[in-house]
Structures are given as structure tokens and as C-alpha cells.
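Visitor: Just dropping this structure here.
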Amino acid sequence: MQLTHLDARGEARMVDVGGKEQSRREAVASGRIVMQPETLELLVDGALPKGDVIATARIAGIQAAKRTHELIPLCHSLALSKVGLEFHVDPSHSCVRVESTCRLTGRTGVEMEALTAVSVACLTLYDMCKAVDKGMHIEAVQLEQKSGGQSGDYQRPGSDVEDPIVTGDSAAREVSLGERSDAPCVRVKFLAELRERVGDSETLMDLDQLERCDVAGLKAALKDRDPAFAALSERRVLCAINQVMANDSARITDEDEVAFFPPVTGG
317 MQLTHLDARG EARMVDVGGK EQSRREAVAS GRIVMQPETL ELLVDGALPK
367 GDVIATARIA GIQAAKRTHE LIPLCHSLAL SKVGLEFHVD PSHSCVRVES
417 TCRLTGRTGV EMEALTAVSV ACLTLYDMCK AVDKGMHIEA VQLEQKSGGQ
467 SGDYQRPGSD VEDPIVTGDS AAREVSLGER SDAPCVRVKF LAELRERVGD
517 SETLMDLDQL ERCDVAGLKA ALKDRDPAFA ALSERRVLCA INQVMANDSA
567 RITDEDEVAF FPPVTGG
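Each step along the sequence shown adds one to the number in my numbering, with nothing skipped, and position 258 is 574.
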């Protein structure tokens, strides 16, 4: 078998993919971080000192997938159409399992992007929890499946998916949003300490209630609904649209998910 990243002299090179056909490609990777049962309980309860652990790890994984070419020398810069991360709790093994899905239509696969997303998400979980548990370890980072491309499809035997983790006080409180409006709308989530400050964890907002369809317009409409939402306009509050970081001028469209959350510091 010839390795495509080595030339005839055995030297590393970037593969020229310009002649390949564009196709829909997807990859799913997984990994897990094992910790003390007491640490896992704090994570699920949202009681760790750095705040919303899962939300921070999800954003870190998404950002890492988008910048894989800056971390892995021979990877191409890719226009990803989807990066998704799911977190699953396993109390019997005292771990959190992370699963990432990356997708694009292009000339090369997204296996490295999926693996990088999982790796950085697990590292972020370690950073968020290390104040109470420095003995955690990351293991079993692996490709679960891929589709598309000349090499065909791949499925790791015996892979499975567990129930998603629920973190923070949302585990004890059900959020009723009612039936979806027939009008175009967005789902708005408030994470970590913002849940308590605005008195809600998520809500729906009809786009026709916004003077303009961007994050600034959404903040203004929420503030008109309830003065407590003025907290969203503080400079320290961050925003993500469909799990991608966004600023006040970012456009929002029907069925988008917009999340507001406080920054999380390292150390």
C-alpha cells in the first residue's frame, strides 16, 4: 500500500486534490474523557467553578474542526458545511463520551476535522474540570464512520450512541415552548449564569417581531419583551448561531438556534 502523503523519495507532501470529483463527504469520530465519579456529578449538575462545561467544549470543538489545517500540517483548508458535537454521559464508566460529525461537499474527506473536533472538545473538558480532578484521562479517540470519496464508506464495527447528557439546572426543570409558530422564528438559548439572570433557559422569537434580522435586532426585541434581557447587551456576553460564534451584525434566519453565554476564563 502506498501512502499518498509521501512522494517517491519518502518525503512528506500535500496531496493535490484538484483533479478529484466533488462529492458529499461526512465523517463521525468519537472519544471519551474519564474522571472521578464526584467530578462527573459536578459536571452534570452544572456545579463546576468555570461554568457551563459542555457549552464551552462544544464551541471549542467546532472552532478546532474549522482550523484543522492550521494544526495538522498536510491537511487542506476546507469549507465545512456542518460541524456538530454531542456529549453523552456514562456513569457506569465515570466518563463523558464526545461524538463529532463533520460534513462538506468537496474533493477531500473530513476525517481529520472530526477527529480534531473530538480531541479539542475533550481537552476543553479537561481544562474546565481540572481544578477539582487533575487525574482525568482522555482515551479512545477514533473514527467511527465516513462516507463519500474514492475510498468508499467505512463503519467501525460495534459503534453505538448513548443518551445525550443533560447539564445544569435544566436537568431538573422542563422547558415548555408550546407549538412551533407558523411564522419564521428562531430558538434562543441562555446558558450558564445567564439562565438565572434572565429567568429562562430558552425561548422562541418570531422573526417578524424583529426590526432587523440580526443578533442586535434579536437583542432589542428580547429587551422589549422583558427588561431582564438587557443583560444580553453587556460586552462580556458572547453569542453563537447554530454553534458558530457570531457578533451583533450576524444575520439570523428561520429555524436558526441562537445561544447567549458568558465568557469562560482559563487557568
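Using N, Cα and C, we set each Cβ at its ideal position, and we do this for glycine too.
Can you tell me whether V574 is buried or exposed? The criterion is at least 16 other CB atoms within 10 Å of its CB, across all chains shown.
Guide: buried
Visitor: Which residue comes first and which comes last in the beta strand (DSSP E) that contains Q458?
Guide: H453 to S463
Visitor: How would you call K560, buried or exposed, if buried means at least 16 neighbouring beta carbons within 10 angstroms?
Guide: It should be pointed out that residue 560 corresponds to Val in this sequence rather than to Lys. Classification of V560: exposed, given that the 10 Å Cβ count is below 16.
Visitor: Nearest CA to the CA of V448: which residue from S565, S339, R552 and L364?
Guide: L364
Visitor: Within the region 333 to 395, note down every full alpha helix (DSSP H) run reaching 4 residues or more, in order along the chain.
Guide: Listed in chain order, the complete alpha helix (DSSP H) runs (minimum 4 residues) inside the region 333 to 395 are 353 to 361, 369 to 382 and 384 to 387.
Visitor: In or out: E455 buried (at least 16 other Cβ within 10 Å) or exposed?
Guide: exposed
Visitor: Thinking just about the alpha-carbon of each residue, which of K446, V502, S416 and K450 is nearest to the one in V436?
Guide: S416
Visitor: Is it the case that the Cβ atoms of A373 and M444 are separated by a distance below 8 Å?
Guide: yes
Visitor: Please specify which runs of the alpha helix (DSSP H), each continuous and at least 4 residues long, are wholly inside the region 530 to 573, giving them in chain order.
Guide: 531 to 541
Visitor: Evaluate A488 with the Cβ neighbour count: other Cβ atoms within 10 Å of its Cβ, from every protein chain shown; 16 or more gives buried, anything less gives exposed.
Guide: Unreliable positioning characterises A488 in this predicted model, as indicated by a pLDDT of 32, which lies under 50. The coordinate reading is nonetheless provided below. Exposed, since its Cβ has fewer than 16 Cβ neighbours within 10 Å.
Visitor: Excluding the 5 residues preceding and the 5 following R291 in the sequence, name in chain order all residues of the same chain whose CB lies nearer than 6 Å to its CB.
Guide: Shown here, the chain extends from 317 to 583; a query on residue 291 therefore has no answer.
Visitor: For I557, which option in E550, D572, G362 and M521 has the closest C-alpha, if you only look at C-alpha atoms?
Guide: D572
Visitor: Hey, would you say C501 sits closer than 8 Å to D570, going by beta carbons?
Guide: For C501 and D570, yes; Cβs fall inside 8 Å.
Visitor: Would T432 and L387 qualify as a contact pair, given that the criterion is a beta-carbon distance under 8 Å?
Guide: Contact: yes.
Visitor: What is the C-beta distance between V344 and S410, in whole angstroms, given that I count them as a contact (C-beta under 8 Å)?
Guide: Actually they are not in contact, since the Cβ atoms of V344 and S410 sit about 24 Å apart, beyond 8 Å.
Visitor: Measuring alpha carbon to alpha carbon, tell me which of K382, G400 and E402 ends up nearest S393.
Guide: K382
Visitor: Measure from the alpha carbon of R340 to the alpha carbon of each residue in E527, M452 and T424, then state which is nearest.
Guide: T424
Visitor: Given that a residue counts as buried once 16 or more other Cβ atoms are within 10 Å of its Cβ, and exposed if not, what is L401?
Guide: It is buried - the Cβ of L401 has at least 16 other Cβ atoms within 10 Å.
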